[in-house]
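Single-structure report; data block below.
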Amino acid sequence: MDRYPRRLFLQLSGVAAAGALIPASEASTSGTGALTTSAGVLSPALPPVRTGDGVFDPLRRRWREVTAGSGFDAAAEPYRTRLAMLGTAAARYRDTMAPADGSLWPDQPFPSFVATQRRLLTMARVYALPGTGLTGDAKLAEAVATGIDHYRRQVYAADADQVGNWWHWRIGVPKTLLDAAVLIGTHLTGPQTGALRDAVDHFVPECLLDDYSGTSTGANRVDLCVVTLLRAMLTSDARKAALAVSALSPVFPYVSEGDGFYRDGSFIQHTFTPYQGAYGASLLTGLATLFAVLRGSPWEITDQNIFDAVERSFAPFVHDGFCMDLVRGRGVGREPYGDHRRGREIASAILLLGSSASAAEGARWQGMVKGWALRDTREPMLKAAESGDLAFHARLAAILGDDAIPATEEPVGHRLLAMSARAVHRRPGWCAGLSMASYRIGHYEHGNGENLRGWHTGSGMLYWWAEGHGDQYSDSFWPTVDPYRLPGTTVSTRRLADGAGEAWGDTCPPARWVGGATDGTYATVGQHLYGFESTMEAFKSWFFLDDAVLCLGAGITSGDGVPVETIVDNRRTDAVLTVDDRGADALLRTGYRRTDALLTVDYEEGWAHIAGHGGYVLPSCPRLNTLSEERTGDSDQMTRSYVTLWLDHGVDPRSAGYVYLLLPGASLAETRARAADLGWARVLVNTARRQGVHVPSLGITAVNFWNDGAAGGLTASAPCAVLVRERGDGTATLTVSDPRRGLSELTVTWDRPVAEILHGHPLLTSATTGANLTLTFGRLSDRGGGSKTITVRLPPSASLPGGSHGPA
Numbered sequence: 012m013d014r015y016p017r018r019l020f021l022q023l024s025g026v027a028a029a030g031a032l033i034p035a036s037e038a039s040t041s042g043t044g045a046l047t048t049s050a051g052v053l054s055p056a057l058p059p060v061r062t063g064d065g066v067f068d069p070l071r072r073r074w075r076e077v078t079a080g081s082g083f084d085a086a087a088e089p090y091r092t093r094l095a096m097l098g099t100a101a102a103r104y105r106d107t108m109a110p111a112d113g114s115l116w117p118d119q120p121f122p123s124f125v126a127t128q129r130r131l132l133t134m135a136r137v138y139a140l141p142g143t144g145l146t147g148d149a150k151l152a153e154a155v156a157t158g159i160d161h162y163r164r165q166v167y168a169a170d171a172d173q174v175g176n177w178w179h180w181r182i183g184v185p186k187t188l189l190d191a192a193v194l195i196g197t198h199l200t201g202p203q204t205g206a207l208r209d210a211v212d213h214f215v216p217e218c219l220l221d222d223y224s225g226t227s228t229g230a231n232r233v234d235l236c237v238v239t240l241l242r243a244m245l246t247s248d249a250r251k252a253a254l255a256v257s258a259l260s261p262v263f264p265y266v267s268e269g270d271g272f273y274r275d276g277s278f279i280q281h282t283f284t285p286y287q288g289a290y291g292a293s294l295l296t297g298l299a300t301l302f303a304v305l306r307g308s309p310w311e312i313t314d315q316n317i318f319d320a321v322e323r324s325f326a327p328f329v330h331d332g333f334c335m336d337l338v339r340g341r342g343v344g345r346e347p348y349g350d351h352r353r354g355r356e357i358a359s360a361i362l363l364l365g366s367s368a369s370a371a372e373g374a375r376w377q378g379m380v381k382g383w384a385l386r387d388t389r390e391p392m393l394k395a396a397e398s399g400d401l402a403f404h405a406r407l408a409a410i411l412g413d414d415a416i417p418a419t420e421e422p423v424g425h426r427l428l429a430m431s432a433r434a435v436h437r438r439p440g441w442c443a444g445l446s447m448a449s450y451r452i453g454h455y456e457h458g459n460g461e462n463l464r465g466w467h468t469g470s471g472m473l474y475w476w477a478e479g480h481g482d483q484y485s486d487s488f489w490p491t492v493d494p495y496r497l498p499g500t501t502v503s504t505r506r507l508a509d510g511a512g513e514a515w516g517d518t519c520p521p522a523r524w525v526g527g528a529t530d531g532t533y534a535t536v537g538q539h540l541y542g543f544e545s546t547m548e549a550f551k552s553w554f555f556l557d558d559a560v561l562c563l564g565a566g567i568t569s570g571d572g573v574p575v576e577t578i579v580d581n582r583r584t585d586a587v588l589t590v591d592d593r594g595a596d597a598l599l600r601t602g603y604r605r606t607d608a609l610l611t612v613d614y615e616e617g618w619a620h621i622a623g624h625g626g627y628v629l630p631s632c633p634r635l636n637t638l639s640e641e642r643t644g645d646s647d648q649m650t651r652s653y654v655t656l657w658l659d660h661g662v663d664p665r666s667a668g669y670v671y672l673l674l675p676g677a678s679l680a681e682t683r684a685r686a687a688d689l690g691w692a693r694v695l696v697n698t699a700r701r702q703g704v705h706v707p708s709l710g711i712t713a714v715n716f717w718n719d720g721a722a723g724g725l726t727a728s729a730p731c732a733v734l735v736r737e738r739g740d741g742t743a744t745l746t747v748s749d750p751r752r753g754l755s756e757l758t759v760t761w762d763r764p765v766a767e768i769l770h771g772h773p774l775l776t777s778a779t780t781g782a783n784l785t786l787t788f789g790r791l792s793d794r795g796g797g798s799k800t801i802t803v804r805l806p807p808s809a810s811l812p813g814g815s816h817g818p819a
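Start counting the sequence shown at 12; every next residue gets the next number (this note's numbering).
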């Protein structure tokens, strides 16, 4: 794993300059007289220089402005009302505080690792913010100081034992207590400050920053550095400030395994879990805050990789203002509309980070966030920000009110993040996301009692949002959906225990062929699926097209003694379902809507449609089963309506398969027309060795080669994914990838006349044109499953789109 960023020496030069501000009494020196921290030797020892608050006063002021709030008129609405409400709450907390043995507020359990500190921080922010009615109120600040010291003596003492979750002791509690302490300044007395410092140093020793491993990686490392910086600001400790910045160094470089950012945009935390929508959002917020607070100081952060991550790692998973659940780990069911809250958190961090980025990046990000906010009509971003971060509200209101900032439209294209087994496909009017599991990415994550039934989210769950359905998975979906019937998955119906499998995402199957090939517009994606705690095995492919996703399954085999099902969809809706079975009675042709209604249709070709959502075309499939029902969650007693469509492969199937077409947002007429257009797409092959399709109107031929072989005029010497696209202008592209990440060489032949190579690739070691095209690539194994595209020119006689592509 790479451990240090390419700009490390630039960053350390800033830390070395800060060394002039570090008194000799605070510096740790080695036998050679060089200044050292956990990051190693930073600079030669410097003569003692006294450090005053002149260096830290600007940091503390910037911290208040960035985190408590600034940039708004306290006398204007909605700030006036919101600030007054905060002031009223803070006065109530002050007046009801009654420090006693085992208690701080009579109405609150004690000790609390969250709620107590949250009240103290609210009080501190009310003291620091304008327009609260208690701005600068000494008694309020003294009450905060009393509360901090009481909690420190009762719970967070330097000689206390850590019990329960480590995170509270090392991040949650110290971060909040220090934040409140910094905001009230000198109202925390010298002895109180020293005692809090000692407690933090006990639970957050510098050795936690020595090694980038365990619970000191990714978002956790950033949070630990924030705690260290707050500790530095509290006591005007320049050495701690330098340490806080230098310890960030391992966060920035790209990694090839474990926690962190990958070159394809993936972000992993807990070793096995894609996590842009929780830990990643916290990391982005922490870094944006540190960049803003430290800008212009001796400890200014210089690394730029996080700026690249905004559009490579985070933006692909934000759709119309919410963050997709496929990168939210165990937190998906934590609260209704939690995906929208995380989307706001990411948007807020991006706008804040924009103040430290280039002018071009900042402007681009403002347009992107503006577009998200305007399109999030289910939980409007600006309105929701009123009750949260007032600084974010002010920034967002400013760009929404500025006609010179154009709102960026939802992008169109495909992003395949092979290293995290995730894909996102965007087309005009709809968006889809796919979550898979592999030998490096777990089926699901559970922990701390959360997400205990997320077993099958990595079994090819296909999320999709048509226009107007931004709350499809937001509104109590996770507590009410049937966890055995998640959309897109193929599963054994074997019953599973809550929290089955190892915690924290360590549920990786042995599958290596997980990924695919994309040219940035279309994609062929596949998953060699091993069922979770099951003998089931299957080969699943998704072909992401213009207005559809063509879904194939093959080799579905199991020995669990229970039925195996493929879930065509499971929509949270009570909309009318219309089914055409090529021979059922007229009632079924016009639709039905009945709670707990089960319909089984046996047919060769047909379609189904959910009003207002989309359509499904099912050529030559097994029986389509449909169910409309009301489902109630176990704990919150929320009830939601569902329409479920699934294929039953029977008990212990042997090499079962399926084909169906998903049409997001399609009308009833469009669904019926696509079902009648038998030549729109052709399945070339659907076996456990190869799965491939040809779509003449798009000039696409795509094959997932689970083994070497031939299909649709394409031949591959080894397992790979191949996507060919004839553009109709006399050119074509051939895109390949090595999803297994193990090939030292791959040869692909396209049985099609090719005149010349227009654009190659450094990994292309040889190419032969003429009557057919033969391409040989070297060491695709080093490219993390990424796609490589070659552009060719076709001879005039062979450049007609949709022509013959050879035998299947």
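Heads up, the beta-carbon is just placed ideally off N, CA and C, and yes, glycines get one too.
If you're wondering where the values come from, they're calculated on a predicted model, not measured in any experiment.
List the endpoints of the continuous beta strand (DSSP E) containing G566.
-> Note, G566: beta strand (DSSP E), 560-568.
DSSP on F283, reduced to helix/strand/coil?
-> Residue state for F283 is assigned as coil, using DSSP reduced to three classes.
When the Cα of Q483 is compared with those of I768, G471, P498, S470, which residue comes out closest?
-> Nearest of I768, G471, P498, S470 to Q483, Cα basis: P498.
Can you tell me where the alpha helix (DSSP H) with D106 in it begins and where it stops?
-> That run of the alpha helix (DSSP H) goes 90-107.
Helix, strand or coil for T127 per DSSP?
-> Looking at T127 - three-state DSSP - the assignment turns out to be helix.
Pairwise C-alpha distance: F333 and D314 | D314 and F333: Cα-Cα distance of roughly 28 Å.
Would you call the segment 693-702 and the segment 641-661 touching, i.e. three or more CB-CB distances under 8 Å?
-> No, because fewer than three Cβ pairs between the segment 693-702 and the segment 641-661 fall closer than 8 Å, the two stretches do not touch.
Measure the alpha-carbon distance for E37 versus E217 and round it to whole angstroms.
-> Summary for E37: the model assigns pLDDT 29, below 50, so the residue's position carries little reliability, and this model does not support an answer.
To which residues does DSSP link R751 through a beta bridge?
-> BP columns for R751 are empty, so no partner.
Can we say the segment 487-503 touches the segment 458-471, given the rule of at least three CB pairs closer than 8 Å?
-> The segment 487-503, when compared against the segment 458-471, does touch it at the 8 Å Cβ threshold.
Helix or strand or just coil, what does DSSP make of E576?
-> Note: E576 maps to strand in three-state DSSP.
Can the beta-carbon of L805 be found less than 8 Å from the beta-carbon of G723?
-> In this structure, G723 does not lie closer than 8 Å to L805 by Cβ.
Compare the Cα-Cα distances from H213 to each of A169, S485, W178 and report the closest residue.
-> Nearest Cα to H213 within the set A169, S485, W178: A169.
Do the segment 349-362 and the segment 451-466 meet, that is, are 3 or more Cβ pairs less than 8 Å apart?
-> These segments do not touch.
What is the rounded straight-line gap between the Cα of D248 and the Cα of A95?
-> Cα to Cα, the separation comes out at about 35 Å.
Whose C-alpha, out of L298, W717, H404, is nearest the C-alpha of G537?
-> That would be W717, whose Cα lies nearest to the Cα of G537.
Where S639 sits in the DSSP three-state scheme | Look at S639 here: in three-state DSSP terms it is strand.
R438 in three-state terms, based on DSSP | The answer is strand: DSSP assigns R438 an E or B state.
In angstroms with no decimal places, state the Cα-to-Cα distance between S678 and R242.
-> The C-alpha of S678 lies about 59 Å from the C-alpha of R242.
Going by DSSP, name the residue or residues bridged to Y541.
-> Paired residues: E548.
Any idea if L769 is buried or exposed, counting beta-carbon neighbours within 10 angstroms, 16 or more meaning buried?
-> L769 is exposed by the Cβ-count criterion.
When D486, Q280, R274 are compared against T228, the one with the closest alpha-carbon = For the options D486, Q280, R274, the alpha carbon positioned closest to that of T228 is the one of Q280.
For G813, which three-state DSSP category applies?
-> Because G813 carries a pLDDT of 46, less than 50, the predicted location of this residue cannot be relied on, and no value is offered for it.
State the Cα-Cα distance for the pair R642 and A732, rounded to the nearest angstrom.
-> Approximately 40 Å between the Cα atoms of the pair.
Please classify M134: does DSSP put it in a helix, a strand, or coil?
-> In this structure, M134 counts as helix in the three-state DSSP scheme.
Going by DSSP, what residues sit across from M472 in a beta bridge?
-> DSSP, once it has assigned bridges, lists S446 as partnering M472.
Rounded C-alpha distance that separates M472 from R693 = Roughly 24 Å separates the two Cα atoms.
If you drop the 5 nearest sequence neighbours on each side, which residues of the same chain put their C-beta closer than 8 Å to that of G720?
-> Excluding positions up to five away in sequence, the list reads R700, R701, T726, A727.
Straight-line Cα distance separating R181 from V215 = Between V215 and R181, the alpha-carbon positions lie close to 5 Å from each other.
Looking only at its own chain, which residues have a Cβ that is under 6 Å from the Cβ of S293, when we skip the five neighbours before and after it?
-> Within the same chain, S293 has close Cβ partners A230.
Per DSSP, what kind of secondary structure is Q203 in: helix, strand or coil?
-> In the structure shown, Q203 sits in a helix (DSSP, three-state: H, G or I).
For A722, which residues does DSSP report across the bridge?
-> Per DSSP, L725.
Endpoints, the beta strand (DSSP E) within which Y653 is located | Run containing Y653: 650-662, per the beta strand (DSSP E) assignment.
Beta-bridge partners of N715, as assigned by DSSP = Answer is Q702, A732, bridged to N715.
A303: which of G142, D414, G365 sits nearest, CA to CA?
-> Ranked by how close their Cα comes to the Cα of A303, the residues G142, D414, G365 have G365 in first place.
Bridge partner(s) assigned by DSSP for H330 | According to DSSP, H330 bridges with F333.
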